[in-house]
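Just below is one structure, and these are the notes that go with it.
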Amino acid sequence: MAARKTTKKPNVSAEELTTYYREMLLIRRFEEKAGQLYGMGLIGGFCHLYIGQEAVVVGLEAAAEEGDKRITSYRDHGHMLACGMDPGGVMAELTGRIGGLSKGKGGSMHMFSKEKHFYGGHGIVGAQVPLGAGLAFADKYKENGGVTFTYFGDGAANQGQVYETFNMAALWDLPVVFVIENNQYAMGTAQARSTSSADIYHRGQAFGIPGEMVNGMDVLAVKAAGEKAVAHCRSGKGPYILEVKTYRYRGHSMSDPAKYRTREEVQKVREQSDPIEHVRELLLTGKHATEDDLKAIDKEIKEIVNQAAEFSKESPEPSVEELWTDIYA
Ligand SMILES: Cc1ncc(C[n+]2csc(CCOP(=O)(O)OP(=O)(O)O)c2C)c(N)n1
Ligand SMILES: [Mg+2]
Numbered sequence: 000m001a002a003r004k005t006t007k008k009p010n011v012s013a014e015e016l017t018t019y020y021r022e023m024l025l026i027r028r029f030e031e032k033a034g035q036l037y038g039m040g041l042i043g044g045f046c047h048l049y050i051g052q053e054a055v056v057v058g059l060e061a062a063a064e065e066g067d068k069r070i071t072s073y074r075d076h077g078h079m080l081a082c083g084m085d086p087g088g089v090m091a092e093l094t095g096r097i098g099g100l101s102k103g104k105g106g107s108m109h110m111f112s113k114e115k116h117f118y119g120g121h122g123i124v125g126a127q128v129p130l131g132a133g134l135a136f137a138d139k140y141k142e143n144g145g146v147t148f149t150y151f152g153d154g155a156a157n158q159g160q161v162y163e164t165f166n167m168a169a170l171w172d173l174p175v176v177f178v179i180e181n182n183q184y185a186m187g188t189a190q191a192r193s194t195s196s197a198d199i200y201h202r203g204q205a206f207g208i209p210g211e212m213v214n215g216m217d218v219l220a221v222k223a224a225g226e227k228a229v230a231h232c233r234s235g236k237g238p239y240i241l242e243v244k245t246y247r248y249r250g251h252s253m254s255d256p257a258k259y260r261t262r263e264e265v266q267k268v269r270e271q272s273d274p275i276e277h278v279r280e281l282l283l284t285g286k287h288a289t290e291d292d293l294k295a296i297d298k299e300i301k302e303i304v305n306q307a308a309e310f311s312k313e314s315p316e317p318s319v320e321e322l323w324t325d326i327y328a
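In numbering that gives the first Met the number 0, the protein residues as written are 0 to 328.
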C-alpha cells in the first residue's frame with residue numbers, strides 16, 4: 000500500500016479536519032461496539048465491520064452534495080453513518096429490534112434511507128453495481144444533476160455484471176462514480192491470488208471510462224479525488240472510476256478467524272497508515288486542536304455510541320404482525 004504522505008502541509012481548515020476526525024471516529028467506535036454486541040450474542044447472522052476503511056466513505060461524503068445517492072455492499076455501517084443516518088437506528092437494526100431502520104427485519108446488510116438517499120446494503124457480491132447505474136440513469140432521465148456513488152470491493156470487481164454495467168454507464172454517459180474499495184482481500188483471498196492486474200481502475204479503459212488510484216488511508220486525498228470524479232459526472236461526461244486503496248483491520252465478517260494473513264501485517268498498517276491517526280496528527284501538529292480538545296471529541300463520540308447501544312438493547316423485538324408489513328403482496 001502507498002505510504003501516507005504527511006510532509007506537505009494540507010490547505011484545509013481546522014473545522015474541516017475536526018469534522019473528518021469526528022466522523023471517522025464515530026464509525027470506528029460504532030463498529031467496535033457492534034463487535035462487542037456480536038460477541039455478547041446480541042447481534043446474530045452476518046456482520047461485516049468497516050474498521051480501517053473509514054477515510055474512504057468520509058472523504059467521499061465530503062465531496063457529495065445534497066441529493067446525491069449512495070449504494071454499497073454488505074459492509075455498509077460506515078456508509079450509513081457517514082451520510083447521516085441515525086446510529087441508534089442502525090445499531091437497533093443490527094440487534095434485530097423494532098427501532099431499527101428496517102424494523103429489525105433486515106439486519107446488518109439490509110438498511111435503506113429515502114431521506115439520506117442511501118439505497119442499501121446488498122448481500123450479493125456485485126449486485127449493487129448495476130443498481131447504482133440504474134439510480135444514475137434515473138437522475139440523468141430526470142435531469143436533476145444528481146450523482147450516484149456506487150461502492151464495491153476488489154473481489155466484486157471480478158464479476159461479469161460490473162463490466163456489463165461499465166458498458167451501459169459509458170454508453171449512456173451516466174453520472175455514476177464507481178468506487179472500488181480495494182481493501183486487498185475478498186473474504187480470505189488476497190488480491191494477488193484473485194485478480195490478474197494490480198490496478199483495477201485500468202479496467203475502465205476498455206469502455207472509455209477514466210479512473211484513478213487513490214490513497215484510501217488519507218481522507219483529504221479521497222475527498223480531492225471525489226471532487227474531481229463528481230465534477231466529471233455532474234458536467235455530463237459520464238462515469239468515473241476511483242480505486243481507493245484501503246485495508247480492513249478485522250476479519251471479513253465476525254465469524255472469520257483471519258488465518259490468511261499475519262497479525263504483523265495488520266499491525267503494520269495500523270501503526271503506519273491509520274486514517275484516524277493521520278487526521279489526529281494533522282490537527283495536533285497544525286495546532287488546530289489540543290490533546291484535550293481531542294479527548295473531548297472522543298468522549299462525545301463514545302457517548303453517542305453508548306446511547307445507540309442502549310437503544311439497540313432496550314428497543315423490543317418486532318411483533319409477529321410485522322411479518323405482514325413492508326412486503327409487496
Ligand atoms: C454472488 C456472490 N458470490 C459469493 C458471495 C460470498 N461472498 C461474500 S463477500 C465475498 C467477498 C467479496 O470481497 P470484496 O468484493 O473484496 O469486498 P469486501 O468484503 O472486501 O468488502 C464473497 C465471495 C456472495 N455473497 N455473493
Ligand atoms: Mg475486498
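Quick reminder that beta carbons are idealized off the backbone N, C-alpha and C, glycines included.
Quantities reported herein were computed from a predicted structural model and do not represent experimental measurements.
Tell me the rounded alpha-carbon separation between V218 and Y19. Residue 218 sits at position 219 when you count from the first residue of the sequence shown. Residue 19 sits at position 20 when you count from the first residue of the sequence shown. C-alpha separation (whole angstroms): 8 Å.
Limits of the unbroken alpha helix (DSSP H) element including R247: Taking the first residue of the sequence shown as position 1, residue 247 is located at position 248. The continuous stretches of alpha helix (DSSP H) do not include R247, and DSSP gives it neither H nor E.
Considering only residues of the same chain and omitting the five flanking positions on each side of T324, which have a CB-CB separation below 6 Å? Stepping through the sequence shown from its first residue, residue 324 is reached at position 325. Taking C-beta separations shorter than 6 Å and ignoring five residues to either side along the sequence, T324 has no partners in its chain.
Bridge-paired residues (DSSP) for V278: Taking the first residue of the sequence shown as 1, we reach residue 278 at position 279. Partner(s): none; V278 has no beta bridge.
Considering only residues of the same chain and omitting the five flanking positions on each side of V268, which have a CB-CB separation below 6 Å? For this step, residue 268 is matched to residue 269 along the sequence shown. Cβ within range, chain order: Y246.
Cβ neighbours of M167 in the same chain (closer than 7 Å, five flanking residues each side left out): The count along the sequence shown starts at 1 and reaches residue 167 at position 168. So the qualifying residues of the chain are A132.
In angstroms with no decimal places, state the Cα-to-Cα distance between I123 and L322. The residue labelled residue 123 in the question sits at position 124 within the sequence shown. The residue labelled residue 322 in the question sits at position 323 within the sequence shown. Inter-residue distance for I123 and L322 is about 23 Å (C-alpha atoms, whole angstroms).
Cβ separation of A62 and V229, assumed to be a contact under 8 Å, to the nearest whole Å: The count along the sequence shown starts at 1 and reaches residue 62 at position 63. The count along the sequence shown starts at 1 and reaches residue 229 at position 230. With 8 Å as the limit, A62 and V229 qualify as a contact, their Cβ atoms being about 5 Å apart.
Complete beta strand (DSSP E) runs within the stretch 43 to 119 (minimum length 3 residues, chain order): DSSP runs (the beta strand (DSSP E)) wholly in the stretch 43 to 119: 68 to 70.
Which residues in the same chain have their Cβ closer than 8 Å to the Cβ of N143, if we skip the five residues on either side of it in sequence? Taking the sequence shown and counting its residues from 1, one reaches residue 143 at position 144. Hits under 8 Å: G66.
Across the stretch 288 to 298 and the stretch 31 to 48, are there enough close Cβ pairs to call them in contact, namely three or more that are closer than 8 Å? No: fewer than three Cβ pairs fall under 8 Å.
Tell me where the alpha helix (DSSP H) around V146 begins and ends. By one-based count along the sequence shown, residue 146 stands at place 147. Bounds of any alpha helix (DSSP H) do not take in V146, whose DSSP letter is neither H nor E.
Distance, K258 Cα to V265 Cα: Taking the first residue of the sequence shown as 1, we reach residue 265 at position 266. Taking the first residue of the sequence shown as 1, we reach residue 258 at position 259. When the Cα atoms are used, V265 and K258 turn out to be separated by approximately 12 Å.
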